[in-house]
Amino acid sequence: FAILFTQAVTSHAHDVMKDGAALEETQSLLQHWSSISVSMLSLYMSITGGINWRDIIQPLNEVGAVYTAVFIGYITLAQFAVLNILTGVFCQNAIESAAQDPELVTQHMVQQRETLVKRLETLFSEI
Numbered sequence: 574f575a576i577l578f579t580q581a582v583t584s585h586a587h588d589v590m591k592d593g594a595a596l597e598e599t600q601s602l603l604q605h606w607s608s609i610s611v612s613m614l615s616l617y618m619s620i621t622g623g624i625n626w627r628d629i630i631q632p633l634n635e636v637g638a639v640y641t642a643v644f645i646g647y648i649t650l651a652q653f654a655v656l657n658i659l660t661g662v663f664c665q666n667a668i669e670s671a672a673q674d675p676e677l678v679t680q681h682m683v684q685q686r687e688t689l690v691k692r693l694e695t696l697f698s699e700i
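Residue numbers for the sequence shown, in the numbering used here: 574 to 700.
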């Protein structure tokens, strides 16, 4: 994503400056997307709350609405990935906690014993 945004912004800035526009028009755009490392930082800050999305989207919209849509897609994908990881960690901790609970382990063993006794009774009744 960072490469895509950096390429689009630098190309747009080059075209704008070639047409004789002032640097001030592209300054906010280049502030967040001037290089791959700056773009990566901007993307990271946008998903962690370090920067307001509006501060990034408004200048990016000058490049094209497609890039705004891609940015929103990135945010959506990143948020779902984080939520998925957090849910997975929570479920894994709950499963491990339940496995270590002595009452649940005892109850499970009693159920297994009852099932085994029923199977043995069935087996001996057939003999």
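C-beta atoms are modelled at their ideal positions from N, C-alpha and C, and glycine is treated no differently.
Keep in mind it's a predicted model, so treat the numbers as computed, not measured.
Per-residue DSSP class, three states only, for residue i
i: F663; result: helix
i: I658; result: helix
i: G637; result: coil
i: S607; result: coil
i: I700; result: coil
Residue environment, residue i, which counts as buried when at least 16 other CB atoms sit within 10 Å
i: A586; result: buried
i: L693; result: exposed
i: P675; result: exposed
i: T660; result: exposed
i: L677; result: exposed
i: T621; result: exposed
i: L633; result: buried
i: F653; result: exposed
i: T599; result: buried
Own chain residues within Cβ distance below 6 angstroms of residue i, not counting five before or after
i: A581; result: V636 and Y640
Contacts around residue i, its chain only, beta-carbon distance under 8 angstroms, and the 5 residues preceding and following it disregarded
i: V629; result: Going by the sequence as given, residue 629 is Ile instead of Val. Same-chain partners within the cutoff: H605, S615, S619 and F644.
Residue range of the alpha helix (DSSP H) that includes residue i
i: N625; result: Note, N625: premise wrong, no alpha helix (DSSP H); not H, not E.
i: F578; result: A575 to K591
Beta-carbon proximity list for residue i, same chain, < 7 angstroms, skipping 5 on both sides
i: Y647; result: F574 and L616
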